[in-house]
Each structure stands twice: as structure tokens, then as C-alpha cells.
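Visitor: FYI, the numbering used here numbers position 14 of the sequence shown as 16, with every residue one higher than the one before it. Got a structure here, written out as C-alpha cells. Questions coming.
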Amino acid sequence: MNLRRFVLLNAVLVPAIVLAIRWHLESFPLLLYVLAVGYVTFAGLISIVWVLSQTSVGRTGS
3 MNLRRFVLLN AVLVPAIVLA IRWHLESFPL LLYVLAVGYV TFAGLISIVW
53 VLSQTSVGRT GS
């Protein structure tokens, strides 16, 4: 899977994870909560870096 597909997949997956945790927070096991927060943080950082790199590619000619 290339980085673009990873970012696009996480555009759908991350909000779904956040909503699932928010709706079922009381019954969500702590280990899964920690893993989900770690994944959301990792995916968010990777997505931000990818978007910034894509915007800087368009500006290399200036």
C-alpha cells in the first residue's frame, strides 16, 4: 500500500475509530483505548506530513 492510499483510507477509518471510542467509552477496554489513540495519533501525523509534502511539491518551481 502506498502512502496516498494509506492517507485516504485513514480519512475514513480515523473518524470511525474516534466515534466508536466516544460512543462506547465506558465499556471500551483500556488497552484497546490506548492502542486506538496511538494509531489515530500516528495516522494523523503521517497524513499531515503527506499533505504538507504534496503542497510543497507544487511550489518547487517558484
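Heads up, the beta-carbon is just placed ideally off N, CA and C, and yes, glycines get one too.
Contact defined as beta carbons within less than 8 angstroms: I believe ALA38 pairs with ILE50. What is the distance between those atoms, to the nearest angstrom?
Guide: The residue labelled residue 38 in the question sits at position 36 within the sequence shown. The residue labelled residue 50 in the question sits at position 48 within the sequence shown. In fact, because the Cβ distance is near 18 angstroms, the residues do not count as touching under 8 angstroms.
Visitor: With a threshold of 8 angstroms, are at least 3 pairs of Cβ atoms found where one atom belongs to the stretch 3-11 and the other to the stretch 28-43?
Guide: Output reads no: the stretch 28-43 does not touch the stretch 3-11.
Visitor: Alpha carbons only, please: which of VAL59, ALA45, PRO31 is nearest the one belonging to ARG7?
Guide: Against the sequence shown, residue 7 aligns to sequence position 5. Checking every option, the nearest Cα to that of ARG7 belongs to ALA45.
Visitor: In whole angstroms, what separates the C-alpha of LEU10 from that of PHE30?
Guide: Within the sequence shown, the letter at position 8 stands for residue 10. Within the sequence shown, the letter at position 28 stands for residue 30. Rounded to whole angstroms, LEU10 to PHE30 spans 26 angstroms at the Cα level.
Visitor: For TYR35 versus ILE48, is the C-beta distance shorter than 9 angstroms?
Guide: The residue labelled residue 35 in the question sits at position 33 within the sequence shown. The residue labelled residue 48 in the question sits at position 46 within the sequence shown. No.
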